[in-house]
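Sequences listed follow chains A and B, in order.
When we follow our numbering, the leftmost residue of the first sequence carries the number 1, and every step to the right adds one.
When we follow our numbering, the leftmost residue of the second sequence carries the number 1001, and every step to the right adds one.
A short worksheet on the structure shown next.
2 protein chains.
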Amino acid sequence: MRVLGVDPGLTRCGVGVVEGVAGRPLTMRGVGVVRTPTDAQLAHRLVALEQGLDQWLDDHRPEYVAVERVFSQHNVRTVMGTAQASAVAMLCAARRGIPVALHTPSEVKAAVTGTGRADKAQVGAMVTRLLRLDAPPKPADAADALALAICHIWRAPAQNRLQQAVALHTSKGRSA
Amino acid sequence: MRVLGVDPGLTRCGVGVVEGVAGRPLTMRGVGVVRTPTDAQLAHRLVALEQGLDQWLDDHRPEYVAVERVFSQHNVRTVMGTAQASAVAMLCAARRGIPVALHTPSEVKAAVTGTGRADKAQVGAMVTRLLRLDAPPKPADAADALALAICHIWRAPAQNRLQQAVALHTSKGRSA
C-alpha cells in the first residue's frame, strides 16, 4: 500500500510517501515540502500549491492520500490558510478518484509514538526509526507528512480493504 | 465589466453574475446556488463544488471573480467549511487567469445599503432595487453573491484598471 501523507500549509506544505503494510517494515518513497511565496496573492498561492501537489501525485501514484484534519480551535491566526491548503490537497486527490483519509494530529502522534501528546522531536525520532532513515527529515512539516502516511497504513487496514472492495466492485460493474 | 460574485459555502454556495460599470444601471446575467450533499465525504463535496463553479465560469466567462473574505472569528462551527469552499472558488478562477478580489461582509453591506451593519433583508431589498428585479433572489446566499458582484463593480474601478493594464502589458510581452 502506497500512501501520500500531506501536512497542509500555505507557506510550507509537507508531503511524504510511504509504502508498506501493517506489521511489516515500511519504506519511504519520497519526502519534501511544497512552498508558496508569502508575498503572492492568496488565489495564486492556492494555484501554486495545486500544481505542486499534482506533481507529487503524478510522480508517486499513491493509492491513498492521508491529510491532517484541521481544527478551528487551534491557532486562529493561521487556521484559515491551513484549512484552505487542506481543501486543495483533498481536491487534488479526490478528483483523481484517490480515497482521502483525514487523521487528527493526536491520532498521528499516538500511532507513531504511543502517546497523543508527543512533541515534534519525538515524532521526528520515531519516523526516522520506523523508516530506517539516517537523520530526521527536515523541516518538521516533512516529518509530519511521513507520520501521517505511517498512521494511515497502521490505523486503517480494515477501512482500506472495504474501500478497495467497493472500488473493485464498481469498476467491475462499469466494465461489464 | 462582468463579475461573478461567490458567497462561499459547502452546503449552499451562492453565485451571481452582474454586468455594468460604476455610475450606470447594472444588469443581472445569472444567479443561483451550487449545492453539495451534506452526507457526502468532504473531499467529494469539494470536487462537486469545483465542478459546479467551473460550469458557472464556462457559461458566463466573467472578467473578475469576487469572493467573500472569510474570518476565523465568525461562527467557529462552520468556518472551516466556508474557508475550504472559498479556496475552491479562488482556485477555479485563478487557474483560468481570472483576477480574484476578496471583500469582507461589512464592505459588501456598506457598498449596497450604505451601512456595514445591514441585515439580510436590507441587502436583499437593495439588490432587488439595484438590479431592477421583480423579487429578492432566494436563498439569501444567492442575493449575497449578487451583492458581492455589485460591491466589486462599485468599489474597485481603480484597482481593476491597474490589473487590466498589467494583464495587457503581460500579454503584449508574451505575444511579442
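For every residue, glycine included, the Cβ atom is placed at its ideal position computed from N, Cα and C.
Per DSSP, what kind of secondary structure is A/R45 in: helix, strand or coil?
Three-state result, A/R45: helix.
Determine the extent of the alpha helix (DSSP H) in which A/G124 is found, giving its start and end residues.
Element bounds for A/G124: K120 to L130.
Out of B/D1039, B/V1127 and B/G1016, state which residue places its alpha-carbon closest to the alpha-carbon of B/P1062.
Looking at the Cα atoms, B/G1016 is the closest of the given residues.
Can you find a CB in chain B that lies within less than 7 Å of the CB of A/L4?
Not closer than 7 Å to any Cβ of chain B, the Cβ of A/L4 fails to qualify, so no.
What residues in its chain sit with their C-beta under 6 Å from that of B/S1106, if we drop five residues either side in the sequence?
Once the five neighbours on either side are set aside, the close Cβ partners of B/S1106 are G1116.
Under the rule that 16 or more other beta-carbon atoms within 10 Å means buried, what is A/Q84, buried or exposed?
Buried.
Anything in chain B within Cβ reach of A/L53, meaning under 8 Å, just list it in chain order.
The premise fails here: A/L53 is roughly 11 Å from chain B at the closest Cβ pair, so nothing lies under 8 Å.
What is the DSSP secondary structure of A/T27, reduced to helix, strand or coil?
A/T27: strand per DSSP, three-state reduction.
Name the two residues that bound the continuous beta strand (DSSP E) containing B/R1155.
Premise fails: B/R1155 lies in the alpha helix (DSSP H), A1140 to R1155, not in any beta strand (DSSP E).
Is it buried or exposed for A/R45, if we count other Cβ within 10 angstroms and need 16 for buried?
It counts as buried.
Can you tell me whether A/V79 is helix, strand or coil according to DSSP?
A/V79: helix per DSSP, three-state reduction.
Could you tell me which residues DSSP pairs with B/H1103 in its beta bridges?
Answer is B/E1068, bridged to B/H1103.
Using alpha carbons as the reference points, say which of A/C92, A/V70, A/E68 and A/T38 lies closest to A/G52.
The shortest Cα separation from A/G52 among A/C92, A/V70, A/E68 and A/T38 belongs to A/C92.
Between which two residues does the beta strand (DSSP E) carrying B/D1007 extend?
Taken as a continuous stretch (DSSP letters only), the beta strand (DSSP E) holding B/D1007 covers R1002 to D1007.
When you compare the CB of B/V1108 with every CB in chain A, is at least one pair closer than 7 Å?
Cβ-Cβ to chain A under 7 Å: no for B/V1108.
In the DSSP output, which residue or residues are listed as bridge partners for B/G1032?
According to DSSP, which records beta bridges pairwise, B/G1032 is partnered with B/V1015.
Around the Cβ of A/G23, are there at least 16 other Cβ atoms within 10 angstroms (buried) or fewer (exposed)?
Exposed is the call here.
Rounded to whole angstroms, how far is the Cβ of A/L131 from the Cβ of A/V21, which I believe are closer than 8 Å?
Not a contact, Cβ separation roughly 14 Å.
Using a Cβ-Cβ cutoff of less than 6 Å, which residues in the same chain neighbour A/T104 once the five nearest sequence positions on both sides are dropped?
Excluding sequence neighbours, A/T104 sits near R69.
Which residues in chain B have a C-beta closer than 7 Å to the C-beta of A/I19? List them in chain order.
Note on identity: in this sequence residue 19 of chain A is Glu, with Ile being the wrong assignment. Residues of chain B passing the Cβ test: none, with the nearest at roughly 22 Å.
Below 6 Å, is the gap between the Cβ of A/G20 and the nearest heavy atom of the ligand GDP?
Although the ligand GDP was asked about, the structure shown includes no ligands whatsoever.
Using a 10 Å radius around the Cβ and a threshold of 16 neighbouring Cβ atoms, would you call B/A1189 buried or exposed?
A question about residue 1189 of chain B goes unanswered here, because the residues of chain B that appear run from 1001 up to 1176.
Does the distance from the CB of B/V1003 to the CB of B/A1149 come in under 7 Å?
In this structure, B/A1149 lies closer than 7 Å to B/V1003 by Cβ.
Mind listing which residues of the segment 43–72 of chain A have their C-beta closer than 7 Å to chain B's C-betas, in chain order?
Cβ contacts with chain B come from A43, H44, L46, V47, E50, V70 and S72.
Is the beta carbon of B/V1067 closer than 7 Å to that of B/A1089?
Cβ atoms of B/A1089 and B/V1067: closer than 7 Å.
Between A/G97, A/P139, A/P136 and A/L10, which lies nearest to A/D39 when the distance is taken from Cα to Cα?
Per the Cα distances, A/L10.
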